[in-house]
Amino acid sequence: EDKVVQSPLSLVVHEGDTVTLNCSYEVTNFRSLLWYKQEKKAPTFLFMLTSSGIEKKSGRLSSILDKKELFSILNITATQTGDSAIYLCAVNSGGSNYKLTFGKGTLLTVNP
Amino acid sequence: DAGITQSPRYKITETGRQVTLMCHQTWSHSYMFWYRQDLGHGLRLIYYSAAADITDKGEVSDGYVVSRSKTENFPLTLESATRSQTSVYFCASGGQGLDQPQHFGDGTRLSIL
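Chains as they are written, first to last, in the numbering used here: chain A, 21 to 132; chain B, 1100 to 1212.
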């Protein structure tokens, strides 16, 4: 059975701090790993990673994948209160059906 | 507006009733998905569809039925609602290809009394 584990489950920081969120996985046929941000409504897409060692970056957010050690990290620098959300990691584990297996998420709270 | 829309946003019903959640996307994406999100479980796949008239079960499909007669619509039906089906339901769609992420609707919060 495919498994995606995120840590920590929750995190409280102050504005300006840097945070690292972790995602490890065990899947039978890895195709890609995705990060989503969920505020009050729909998860919104952040990054898709398919190759080891190549960093994806968008503003203060960045992510990298290690396919040998089966994990990914999501970094957020200079956090702002608007970064408060649940961050979801998901793995596309293959075949032609593009199904995603999600972790339980990390709840990030950024205090002013 | 292009995107994916779900209706209703909120629904309260009673055990034993049939309820249908609607999902409509305007991107002409091949793939559509239904998830439920519960505290402590994260997002779990209920059903997915690769194209019109092609559907398959996810990990928590018992008690649910789907259909996809048109590419843009993917309704989810609870045939006889139970309290354990109280949840937030998300529909998602995605194009074909390894580099196509899934995009989610805003969800339906369903309460079964």
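Glycine included, each C-beta is placed from N, C-alpha and C at the ideal position.
Quantities reported herein were computed from a predicted structural model and do not represent experimental measurements.
- request: Work out the CA separation of A98 of chain A and V130 of chain A for me, nearest whole Å.
  value: 10 Å
field: D103 of chain A burial status per 10 Å Cβ neighbour count (16 or more: buried)
entry: buried
- request: Report the neighbours of Y118 of chain A on chain B: residues whose CB is nearer than 7 Å to its CB, in chain order.
  value: Y1130 and G1193
query: On the premise that K57 of chain A lies in contact with L1144 of chain B, defined as a C-beta separation below 8 Å, what is that separation, rounded to the nearest angstrom?
result: L1144 of chain B to K57 of chain A, Cβ: 20 Å. No contact.
field: Cβ of P63 of chain A within 8 Å of any chain B Cβ
entry: yes
message: Need the endpoints of the beta strand (DSSP E) that K119 of chain A sits in, please.
response: No beta strand (DSSP E) holds K119 of chain A; DSSP gives it neither H nor E.
- request: Helix, strand or coil for G1141 of chain B, going by three-state DSSP, please let me know.
  value: strand
field: Within 8 Å, strictly: CB atoms of I106 of chain A and L127 of chain A
entry: yes
task: Would you verify that the beta carbon of Q1124 of chain B is, or is not, closer than 8 Å to some beta carbon of chain A?
output: no
- request: Give a yes or no on whether the C-beta atoms belonging to V47 of chain A and S92 of chain A are separated by under 8 Å.
  value: Contact flag unset, no.
message: At the level of alpha carbons, what is the spacing between V1118 of chain B and G1193 of chain B?
response: 25 Å
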